[in-house]
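Each remark here refers to the structure printed beneath this line.
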Amino acid sequence: MDALSCALFPDICVLCGDPLARLTSIPVCDFCWTQFPSLADSPDYSETHCACCGDLLSAPASLSSAYCRACRMAAPPFVRAVAYGLYDTQMRDAIHAFKFDRVRVLAKPLGRMLAKSIATLKSDVPDGMLIVPVPLHRAKRKVRGFNQARALATAAVIELRKTNPEWQLSLAKRTLIRHKQTEPQAGLSPRARRINLRGAFVVEDIAAVQNKNILLVDDIMTTGATARSAATALIEAGAASVRVATLSRAITTHWRKLAGDGTLGEIENKGTRKMDARLGHNSQNAIVH
Ligand SMILES: [Zn+2]
Ligand SMILES: [Zn+2]
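Below you can see the structure in the form of structure tokens.
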């Protein structure tokens, strides 16, 4: 193949490194695509996950509470958060490739997964919902070249307009902005994350959100500090309600253990380095929200 063909039709899977069996513009093999289980398909999901934020419950919902400790202590400003899958090995590598290694063609298949998680809200979401991607600070967007949340939201809206046209979803333009450049979240405690993100977002176009049901979209949800901060700004600007949909969910007990023993950053960096080795170039360290 010549250089152009190699760029258009990669021959190695960016997730497992195996050769791709067929010509495709998306550098992920058929086997790896089977490794993205949907949380909505797990039979005991509502018994094991918080009914509001989707975090893993410490005890079954039927024996204790349907809500996690964090939601019981301080109810989030959003009605509910859903995610397509767990932020585990395969998902983490795919997001890294998309976000930090700029494998932009992954927006479409990952956006389709996000669309599936948004569709799980169908029964309790009114028509005419406004989709608001979580914004990046302009300095970060300049370095990265794009906002991964907007790219995923755009792909998801295209998919949902086909599958659920009656929903009349619209994608917000420059409605919410991130005017505070925050410290990297990886390794911070939930409280430190909340302080770090306090007042980070501002609604630029108040008329666009007033009395609207909003769906906030992002690639990852970890402690929910980003979602809480962005949803607060939207509610204070007059939004009727805010729901959250993310491509992936990092379970708090898992990341807290990693953050506690100092291995979270290490694991994040290792994932990136593994990807660098496959793609043969440098990428930035990951930042978990
Ligand atoms: Zn593969
Ligand atoms: Zn919760």
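Residue numbers are given in the numbering used here: position 189 of the sequence shown equals residue 1204, and the series is strictly consecutive.
Glycine is no exception: its CB is placed at the ideal position from the N, C-alpha and C atoms.
Note that this is a predicted model, so its numbers are computed, not measured.
Any non-hydrogen atom of ligand 1 closer than 8 angstroms to residue i Cβ
i	result
residue 1046	yes
residue 1116	no
residue 1143	no
residue 1028	yes
residue 1103	no
residue 1043	yes
residue 1032	yes
heavy atom of ligand 2 below 8 angstroms from residue i C-beta
i	result
residue 1085	yes
residue 1065	yes
residue 1091	yes
residue 1082	yes
residue 1108	no
residue 1069	yes
Contact under 9 angstroms by Cβ, residue i with residue j
i	j	result
residue 1149	residue 1241	yes
residue 1224	residue 1191	yes
residue 1134	residue 1162	no
residue 1243	residue 1025	no
residue 1335	residue 1260	With the chain running from 1016 to 1304 in the structure shown, residue 1335 is simply not present.
residue 1249	residue 1147	yes
residue 1068	residue 1107	no
residue 1145	residue 1227	yes
residue 1188	residue 1152	no
residue 1235	residue 1254	no
residue 1118	residue 1217	no
residue 1041	residue 1121	yes
residue 1154	residue 1126	no
residue 1031	residue 1046	yes
Residue i to residue j span [Cα, whole Å]
i	j	result
residue 1186	residue 1257	14 angstroms
residue 1238	residue 1102	12 angstroms
residue 1128	residue 1211	30 angstroms
residue 1115	residue 1081	36 angstroms
residue 1113	residue 1100	16 angstroms
residue 1278	residue 1070	Bear in mind that a pLDDT of 41 at residue 1278, under 50, signals an unreliable position, so the number given afterwards is only what the model happens to contain. Cα-Cα distance, rounded: 21 angstroms.
residue 1054	residue 1061	10 angstroms
residue 1206	residue 1089	12 angstroms
residue 1065	residue 1124	27 angstroms
residue 1252	residue 1246	10 angstroms
residue 1165	residue 1131	17 angstroms
residue 1295	residue 1173	With a pLDDT of 39 at residue 1295, under the threshold of 50, the modelled position of this residue cannot be trusted; read the value that follows with caution. Distance between the alpha carbons of residue 1295 and residue 1173 is about 32 angstroms.
residue 1262	residue 1058	19 angstroms
residue 1086	residue 1075	15 angstroms
residue 1264	residue 1110	12 angstroms
residue 1138	residue 1105	30 angstroms
residue 1056	residue 1084	24 angstroms
residue 1197	residue 1142	34 angstroms
residue 1273	residue 1208	Unreliable positioning characterises residue 1273 in this predicted model, as indicated by a pLDDT of 48, which lies under 50. A coordinate reading is not provided.
residue 1079	residue 1034	48 angstroms
Residue(s) in a DSSP beta bridge with residue i
i	result
residue 1097	1260
residue 1027	1034
residue 1235	1263
Minimum length 4: unbroken alpha helix (DSSP H) runs contained in the region 1034–1091: Taken in chain order, the unbroken stretches of alpha helix (DSSP H) that lie wholly in the region 1034–1091 and span 4 residues or more are 1045–1048, 1060–1063, 1084–1088.
Length-filtered (3 minimum) beta strand (DSSP E) runs lying within the region 1102–1170: Qualifying beta strand (DSSP E) stretches, in chain order: 1145–1148.
Continuous beta strand (DSSP E) assignments of at least 3 residues falling wholly in the region 1186–1233: Those beta strand (DSSP E) runs which fall completely within the region 1186–1233 and span 3+ residues are 1191–1193, 1216–1218.
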